[in-house]
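Trainee: At position 171 of the sequence shown (counting the first as 1) the number is 171 in the numbering used here, and the numbers step up by one without a gap. For each residue, glycine too, the CB sits at the ideal point set by N, CA and C. Sending over a structure as structure tokens; questions will come in a sec.
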Amino acid sequence: MYQPPSDPVNKAKHLKTSQLCELCHSRKAVIKRPKNLMKICKECFYYVFETEIHNTIVSNNLFYKGERVAVGASGGKDSTVLAYVLKLLNERHQYGIEIVLLSIDEGIVGYRDDSLATVKRNQKQYELPLEIVSYRDLYNWTMDEIVACAGVRNSCTYCGVFRRQALDRGANKLNIAHVVTGHNADDMAETVLMNILRGDVARLEKSTAIMTISAGSPVKRSKPFKYSYQKEIVLYAHYKKLDYFSTECTYAPEAFRGTARELMKNLEAIRPSCIIDIIHSGENLVLKPKKQKKQTVKSKNVKKTELNTQEQELEVRTDGTVSLNFKDGNRCERCGYLSSNKICKACTLLEGLAANRAKVQLDLDTSTDGAAKVVRDLEKLSF
Ligand code: SF4
Ligand SMILES: [Zn+2]
Ligand SMILES: [Zn+2]
Numbered sequence: 001m002y003q004p005p006s007d008p009v010n011k012a013k014h015l016k017t018s019q020l021c022e023l024c025h026s027r028k029a030v031i032k033r034p035k036n037l038m039k040i041c042k043e044c045f046y047y048v049f050e051t052e053i054h055n056t057i058v059s060n061n062l063f064y065k066g067e068r069v070a071v072g073a074s075g076g077k078d079s080t081v082l083a084y085v086l087k088l089l090n091e092r093h094q095y096g097i098e099i100v101l102l103s104i105d106e107g108i109v110g111y112r113d114d115s116l117a118t119v120k121r122n123q124k125q126y127e128l129p130l131e132i133v134s135y136r137d138l139y140n141w142t143m144d145e146i147v148a149c150a151g152v153r154n155s156c157t158y159c160g161v162f163r164r165q166a167l168d169r170g171a172n173k174l175n176i177a178h179v180v181t182g183h184n185a186d187d188m189a190e191t192v193l194m195n196i197l198r199g200d201v202a203r204l205e206k207s208t209a210i211m212t213i214s215a216g217s218p219v220k221r222s223k224p225f226k227y228s229y230q231k232e233i234v235l236y237a238h239y240k241k242l243d244y245f246s247t248e249c250t251y252a253p254e255a256f257r258g259t260a261r262e263l264m265k266n267l268e269a270i271r272p273s274c275i276i277d278i279i280h281s282g283e284n285l286v287l288k289p290k291k292q293k294k295q296t297v298k299s300k301n302v303k304k305t306e307l308n309t310q311e312q313e314l315e316v317r318t319d320g321t322v323s324l325n326f327k328d329g330n331r332c333e334r335c336g337y338l339s340s341n342k343i344c345k346a347c348t349l350l351e352g353l354a355a356n357r358a359k360v361q362l363d364l365d366t367s368t369d370g371a372a373k374v375v376r377d378l379e380k381l382s383f
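Following this line, the structure appears as structure tokens:
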């Protein structure tokens, strides 16, 4: 059993009590813990930070012995610390998992190329296998080309859809069914806030899940940093001198998320526990069951060109809109990827891009067709 670090040489005798670590009471406090403002020493900080992650992993049964797990590695601080801590905890507590780094190359010059160089160094430093999957190979588009074609405003919509599928395909190539990501407590609280602010009840329900398993993906995803504060991850990376890449993506993240982030930061400055409090609120929200009439139809009753031969579920929503939910195992007609619709999200976006490839559109606000329209149409589709 791993024990908190002891004080081998009692160097702290000359220190005033107020300067001592509030946990071990023997070493000098050098860190004010962002999570609870406790003044602690470096060694105790490492111990509590790592142990809290271990407790999250164990209490949520994230792994099983012999499981192959891919760390979604971007070279940024979150995924770098995740790879480092996961390797350390795997050895310390004998989880018995096999860790692989899985990186996505979106094709963003000046950002992803530099951050991938960091991942390659991490691969050597942590002695972990690395697999890189690129948008260019999968979709024949880079994010730079997509932005040139569809504008910067929708960059994260495209990138998010393509990354999800790229991670699945990368994991599949490695014969791995579990991807862990570096999403931290701040990210999660931000997502809860965003979903509350825009009344997105469907997403709100799922926004605090530590593990997500979806019918549209063969790969489960989990977030061992669900309760880890961003500031503590940065402190840990700093004191451990981890090699990470800190430049932001060239394409600004969603404006709305940026505003929610700002709001979170202001709240955190007044009350540090608000990050965990928002997550707890999200976890304990009980949403009213959806009112919906359901009827099952056989595809023989429906036009053959529209549906495949499997049984599908017709969902009539309270607002009168209708969606067809395909049972598990349906695949995109074009790329063969799991999809609840005839054509998967990525292929729908690629179709819009192909139509637009010739003309470079910079102003999406005034556009009524092409890639911008596809994004709007996509938002209306039910997946
Ligand atoms: S900020 Fe947007 S475009 Fe850049 S990597 Fe993230 S999702 Fe992709
Ligand atoms: Zn201490
Ligand atoms: Zn597809």
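1. What residues match up with Ile31 in a beta bridge as DSSP calls it?
2. Taking the alpha carbon of Ser222 as the reference point, which residue from Tyr126, Glu98 and Ala177 has its own alpha carbon closest?
3. With a threshold of 6 Å (Cβ to nearest heavy atom), would Tyr135 be considered close to ligand 1?
4. Measuring only from the beta carbon, is Tyr251 closer than 6 Å to any heavy atom that is part of ligand 1?
5. Following a CB-centred definition, is Tyr158 positioned closer than 6 Å to any heavy atom of ligand 4?
6. In whole angstroms, give me the CA-to-CA distance for Pro5 and Met264.
7. What's the gap between the Cα of Tyr236 and the Cα of Glu145?
8. Alpha carbon to alpha carbon, how far is Lys173 from Arg92?
9. Any chance you could list the residues with Cβ under 6 Å from a heavy atom of ligand 2, keeping chain order?
10. Is the distance from the Cβ of Ile104 to the Cβ of Ala166 below 7 Å?
11. Just to confirm the assignment, what range does the alpha helix (DSSP H) spanning Glu127 have?
12. Could you check if Ser155 belongs to the surroundings of ligand 1, using beta carbon to heavy atom distance under 6 Å?
13. Quick one: Cα of Asp243 to Cα of Asp114, how far?
14. On the three-pair Cβ rule with 8 Å, is the stretch 189 to 202 touching the stretch 36 to 45?
15. Taking the DSSP output, what are the residues bridged to His183?
16. If we call anything under 7 Å between Cβ atoms a contact, is Gly182 one with Phe225?
17. Is Ala255 helix, strand or coil by DSSP?
18. In the DSSP assignment, the alpha helix (DSSP H) including Gly170 goes from what residue to what residue?
19. If you draw a straight line from the C-alpha of Lys327 to the C-alpha of Lys220, how long is it?
20. Taking C-alpha atoms, which residue in Ala185, Gly75 and Lys87 lies nearest to Ile132?
21. Alpha carbons only, please: which of Gln19, Ala209, Leu138 and Ile233 is nearest the one belonging to Tyr337?
22. Please report the distance separating the alpha-carbon of Arg136 from that of Ile270.
23. My assumption, with CB atoms under 8 Å, is that Val119 sits in contact with Ala171. Please give the rounded CB distance.
24. Answer with buried or exposed for Asn284, where buried requires no fewer than 16 other C-beta atoms within 10 angstroms of its C-beta.
25. Using alpha carbons as the reference points, say which of Tyr251, Val48 and Leu37 lies closest to Leu89.
26. By how many angstroms is the C-alpha of Val58 removed from the C-alpha of Arg163?
27. Between which two residues does the beta strand (DSSP E) holding Arg68 run?
Mentor: According to the data block:
1. Ile40
2. Ala177
3. no
4. yes
5. Ligands in the displayed structure: ligand 1, ligand 2 and ligand 3; ligand 4 is not one of them.
6. 33 Å
7. 36 Å
8. 29 Å
9. Cys21, Leu23, Cys24, Arg27, Ile40, Cys41, Glu43 and Cys44
10. yes
11. Note, Glu127: premise wrong, no alpha helix (DSSP H); not H, not E.
12. yes
13. 12 Å
14. no
15. Note: His183 sits in no beta bridge, so no partner.
16. yes
17. helix
18. Ser155 to Lys173
19. Its pLDDT being 48, under 50, Lys327 is placed unreliably in this model, and the value from its coordinates should be taken loosely. Cα-Cα distance, rounded: 18 Å.
20. Gly75
21. Leu138
22. 45 Å
23. That belief does not hold up - the Cβ atoms of Val119 and Ala171 are roughly 16 Å apart, past 8 Å.
24. exposed
25. Val48
26. 28 Å
27. Arg68 to Gly72
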